[in-house]
Amino acid sequence: AIHEFLYPLVQGYDSIALKADVELGGTDQTFNILMGRTLQGRYGQEPQVCITVPILEGLDGVNKMSKSLGNYVGIYDAPGTMYQKLLSMPDTLIRRYFEFLSFKPMEEVEALMAEMENGRNPQEIKRILAEELIERFHDADAAANAHKSAGNVLADGELPVDLPEVTLELEGQDALFITQILNQAELAKNSSSAKDMIKRGAVKVDGEVVDAGFSLTSGQTVVIQAGKKAYAKVTVA
């Protein structure tokens, strides 16, 4: 289309108007920046110096990181969100993200890459980077506790820092059974999913595995874990 022809010319003219000495841009802008040099020469100006930097791929591992594509990590993201996003990156991007984003010496980065090649879990390496970046844009406490945000896999005994709180009504019943609780607290997709988790021993109340006979009565408050990542503080009114 004609706009694809005009765009480099218009961008290049910016360099003339600004009488630019240096222009910075991503490697995807190399042609446009060079166009600025060419046009400056035609207008009798000293051609600008072009400095380009590599493009950082987004979390999809394909396209450049972009908010419009939804594959980005925002510097203003909450610590838990930043942690979840960074741990979701493809393993193929780990080295590149360390090279572009980490302040660690390359010797240390190479050592981490060697550990990963020798069998260390890539998720552990991602956590190291995630904690470094969270500390940079938030603080050390946020970095240490980011993994406790809802949606992450926690160690035994740990609870999310943003633990959801849910209040359920008995609605004429004497008690609510665990299957009902999981559904009403949105800790399970449906009754079948709730029953399946209970059978697998994947439902804990206050840290203890419960069976289908577990119930809560009015006035009780407990912390429920369903599966590896879903938590809620449940109160029966």
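Position 169 (the sequence shown) corresponds to 340 in the numbering used here; numbering is contiguous.
Built from N, CA and C at the ideal position, the CB exists for glycine as well.
Rounded C-alpha distance that separates residue i from residue j
i	j	result
K399	I369	13 Å
E217	D248	42 Å
D367	M260	30 Å
E175	G183	13 Å
Y178	A172	10 Å
L387	L358	16 Å
F348	G372	16 Å
T252	L230	13 Å
E295	V193	41 Å
I352	L339	8 Å
G390	L341	10 Å
A408	Y402	19 Å
Y272	L304	Going by the sequence as given, residue 272 is Leu instead of Tyr. Spanning the two alpha carbons is a distance of roughly 8 Å.
V332	E281	33 Å
G343	E288	59 Å
S320	L330	8 Å
D382	D310	41 Å
N203	A191	14 Å
L210	S237	30 Å
Same chain, Cβ closer than 8 Å to residue i, five either side skipped, listed in chain order
i	result
V224	L195, G196, G197 and T198
K297	L257, L258, M260 and I265
A212	Note on residue identity: the sequence assigns Gly, not Ala, to residue 212. Cβ within range, chain order: P218.
S362	T350 and N354
G232	M260, P261, T263 and L264
P293	D262, I265 and M287
D185	A191 and G207
P250	I305, H309, A313, A314, N316, A317 and S320
Neighbourhood of residue i by C-beta, 7 Å cutoff - its chain only, sequence neighbours within 5 removed
i	result
Y268	M260 and L300
L180	M206
R208	P218, Q219 and C221
Y214	I187
A365	T350, L353, N354 and A359
Inter-residue CB distance, residue i and residue j (contact presumed, cutoff 8 Å)
i	j	result
I395	V376	6 Å
L283	E228	Not really, about 19 Å apart at Cβ, beyond 8 Å.
A346	V374	A346 to V374, Cβ: 16 Å. No contact.
A317	Y254	4 Å
G290	G328	With a Cβ gap of about 27 Å, G290 and G328 do not count as contacting.
E302	A285	Contact doesn't hold; Cβ gap of about 20 Å is too wide.
I226	K235	5 Å
Beta bridge counterpart(s) of residue i as assigned by DSSP
i	result
G196	T223
K375	V380 and Q396
A401	A397
T406	T338 and T392
S237	DSSP, once it has assigned bridges, lists no residue as partnering S237.
L387	L347
Cutoff 6 Å; reference residue i; Cβ partners in own chain excluding five residues on either side
i	result
T392	T406
K404	L334, E336 and V394
G384	none
N306	Checking the sequence shown, residue 306 turns out to be Glu, not Asn. A314, listed in sequence order.
G200	Here residue 200 turns out to be Gln, not Gly, going by the sequence shown. Cβ within range, chain order: n/a, list empty.
### Task
Tell me the start and end of each unbroken alpha helix (DSSP H) in the segment 247-292 that is at least 4 residues and wholly inside, in chain order.
250-258, 265-272 and 277-288
### Continuous beta strand (DSSP E) assignments of at least 3 residues falling wholly in the segment 200-235
220-224
### Task
Could I get the ranges of all uninterrupted alpha helix (DSSP H) runs contained in the segment 299-355, with 4 residues as the minimum, in chain order?
311-316 and 349-355
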